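Peer 1: This is the structure I have questions about; it appears just below.
Number of protein chains: 2
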Amino acid sequence: MPNYRCILAAIDLSEEAEAVLDRAVAMASSDNAELHLVHVVEPLNLAYGGDIPMDFSSVQEQLQTQAEESLHHYAKRANIPTARCHLLSGRPDAQVHELSESLEADLIIVGSHGRKGLALLLGSTANGVLHGATCDVLAVRVGQDK
Amino acid sequence: MPNYRCILAAIDLSEEAEAVLDRAVAMASSDNAELHLVHVVEPLNLAYGGDIPMDFSSVQEQLQTQAEESLHHYAKRANIPTARCHLLSGRPDAQVHELSESLEADLIIVGSHGRKGLALLLGSTANGVLHGATCDVLAVRVGQDK
Chain H
1166 MPNYRCILAA IDLSEEAEAV LDRAVAMASS DNAELHLVHV VEPLNLAYGG
1216 DIPMDFSSVQ EQLQTQAEES LHHYAKRANI PTARCHLLSG RPDAQVHELS
1266 ESLEADLIIV GSHGRKGLAL LLGSTANGVL HGATCDVLAV RVGQDK
Chain X
1166 MPNYRCILAA IDLSEEAEAV LDRAVAMASS DNAELHLVHV VEPLNLAYGG
1216 DIPMDFSSVQ EQLQTQAEES LHHYAKRANI PTARCHLLSG RPDAQVHELS
1266 ESLEADLIIV GSHGRKGLAL LLGSTANGVL HGATCDVLAV RVGQDK
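Protein sequences, first through last, are from chains H and X.
Numbering-wise (our numbering), the first sequence opens with residue 1166 and increments by one.
Numbering-wise (our numbering), the second sequence opens with residue 1166 and increments by one.
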């Protein structure tokens, strides 16, 4: 069984990102793999529906800037070059799948709260990423209910 | 980030089990972890509902024997001692969670077809195992739609 060659760590920029990042760095290091980092900013009109005619553009811009800063903070911490940091916008699962395919990643690492029941039906990023992924997915358990 | 110490590979005994097992062996070897193997036989009355008064006991016994042989074939192939092979009966996700907790496993490895949409709603083992797991879960992509 060959090692993983290209690992894509999808992080949410909360403090829980650290667990995902630490695991990704450990896996990439033991497999001698190329490590990429991605964060997907979900447009506010996607998250809050498009029915209410509100202008989210200035808030969105702020979110984008904050996300950029955070992503680079994590990348620096993990010694990941800027060229391997990806800040995207859209539906997290679709964006992660698209990027992993274009990078030909063979492993996606994502945080998971281990939700079940209603929380699962409402959707989680780990769940969305797992389904439809064309490569292996490692769900790293995060959160206080660990 | 410490290595994984105890890995539980959940296999379905189809030819797809090989990919899961190969990955589990590679991970256990690189992390120097204890590797356990589990297969869960789903009782026919669970799979086919309990409303029809049918006696499945002889078929169930046959399934159990075949599962035992298959599990030991895979265990031998991967050099896993019998004491670390677990043949259980019940709901796959619940049984895998229970065993992983009693073993204090820190990683569960399971096969995933990457199903989405309706197939996801109907449930997959990877999905069931991911949700509610108290440790990390690695879903290894298997199947022709890889």
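Idealized CB from N, CA, C, for every residue including glycine.
Just so it is clear, the structure is predicted and the values come from calculations on it, not from any experiment.
Cβ atoms of X/Leu1252 and X/Gln1268: under 7 Å apart, would you say?
Peer 2: For the record, residue 1268 of chain X in the displayed sequence is Leu; it is not Gln. No, Cβ-Cβ distance for X/Leu1268 and X/Leu1252 is not below 7 Å.
Peer 1: Could you check whether the segment 1262-1278 of chain H touches the segment 1167-1185 of chain H, counting it as contact only if at least three pairs of C-beta atoms, one from each stretch, sit closer than 8 Å?
Peer 2: As far as the Cβ criterion goes, the segment 1262-1278 of chain H touches the segment 1167-1185 of chain H, which means the pair count is three or higher.
Peer 1: Using the three-state DSSP reduction, which class does H/Val1305 fall into: helix, strand or coil?
Peer 2: Three-state result, H/Val1305: strand.
Peer 1: Does the segment 1230-1248 of chain H come into contact with the segment 1195-1212 of chain H, if we say contact requires no fewer than three beta-carbon pairs (one atom in each stretch) closer than 8 Å?
Peer 2: Yes: at least three Cβ pairs fall under 8 Å.
Peer 1: Assign X/Ala1243 to one of three DSSP states: helix, strand, or coil.
Peer 2: Note: X/Ala1243 maps to coil in three-state DSSP.
Peer 1: Which of the residues in the segment 1172-1192 of chain X, read from start to end, lie with their CB under 8 Å from any CB of chain H?
Peer 2: Answer set for the segment 1172-1192 of chain X: Asp1187, Arg1188, Val1190, Ala1191.
Peer 1: Quick one: measure Cβ to Cβ for H/Ala1291 and X/Leu1295, integer angstroms, because I've assumed they're closer than 8 Å.
Peer 2: About 7 Å separates the two Cβ atoms, so the contact holds.
Peer 1: Taking CB distances under 7 Å as the criterion, tell me whether H/Cys1250 reaches chain X.
Peer 2: So no, H/Cys1250 is outside the interface.
Peer 1: Just to confirm, is the Cβ distance from X/Met1166 to H/Arg1242 under 7 Å?
Peer 2: Against a cut-off of 7 Å, the Cβ pair of H/Arg1242 and X/Met1166 comes out as no contact.
Peer 1: Name the DSSP bridge partner or partners of X/Val1205?
Peer 2: In the DSSP output, where bridge partners are listed per residue, X/Val1205 has X/Leu1253.
Peer 1: Go ahead and pull the three-state DSSP assignment for X/Glu1183.
Peer 2: X/Glu1183 falls in the helix class under three-state DSSP.
Peer 1: Quick one: measure Cβ to Cβ for H/Val1190 and H/Leu1178, integer angstroms, because I've assumed they're closer than 8 Å.
Peer 2: Going by Cβ atoms, the distance from H/Val1190 to H/Leu1178 rounds to 17 Å, so no, they are not a contact pair.
Peer 1: What residues in its chain sit with their C-beta under 6 Å from that of X/Lys1311, if we drop five residues either side in the sequence?
Peer 2: Here the model assigns X/Lys1311 a pLDDT of 44, short of 50, so the residue's position is not dependable and the matter cannot be decided.
Peer 1: Under the three-state reduction of DSSP, which class applies to X/Leu1178: helix, strand or coil?
Peer 2: It is coil, neither helix nor strand.
Peer 1: Look at the Cβ atom of H/Ala1198, then the Cβ atom of H/Tyr1239, and state whether they are nearer than 7 Å.
Peer 2: Taking 7 Å as the Cβ cut-off, H/Ala1198 and H/Tyr1239 do not qualify as a contacting pair.
Peer 1: So X/Asp1301 and H/Val1305 are in contact, right, with Cβ under 8 Å, and what is the actual spacing, rounded?
Peer 2: Rounded, the Cβ-Cβ distance is 5 Å, consistent with contact.
Peer 1: If I measure Cβ to Cβ from X/Leu1209 and keep anything under 8 Å in the same chain, skipping five residues before and after, which residues do I get?
Peer 2: So the list reads Phe1221, Val1224, Gln1225, Leu1228, once near-sequence residues are dropped.
Peer 1: Whole angstroms is fine: what's the gap from X/Ser1195's alpha carbon to X/Gly1293's?
Peer 2: For X/Ser1195 and X/Gly1293, the distance between alpha carbons rounds to 27 Å.
Peer 1: For X/Val1307, would you say it is in contact with chain H, using Cβ-to-Cβ distances shorter than 7 Å as the test?
Peer 2: It does not; no Cβ of chain H falls within 7 Å.
Peer 1: Apart from the five residues on each side of it in sequence, which residues of its chain come closer than 8 Å, Cβ to Cβ, to X/Arg1249?
Peer 2: Taken in chain order, the residues that qualify are Glu1199, Leu1200, His1201, Leu1202, Ala1240.
Peer 1: Tell me whether H/Gly1276 sits in a helix, a strand or coil according to DSSP, three-state version.
Peer 2: Strand at H/Gly1276.
Peer 1: Out of H/Asp1258, H/Glu1180, H/Pro1257, H/Ala1193, which one is the CA nearest neighbour of H/Asn1244?
Peer 2: Taking only the C-alpha atoms, the option nearest H/Asn1244 is H/Ala1193.
Peer 1: Can you pull the chain H residues whose beta carbon is under 7 Å from the beta carbon of X/Thr1230, in chain order?
Peer 2: Neighbours of X/Thr1230 on chain H: none; closest Cβ ~30 Å, over 7 Å.
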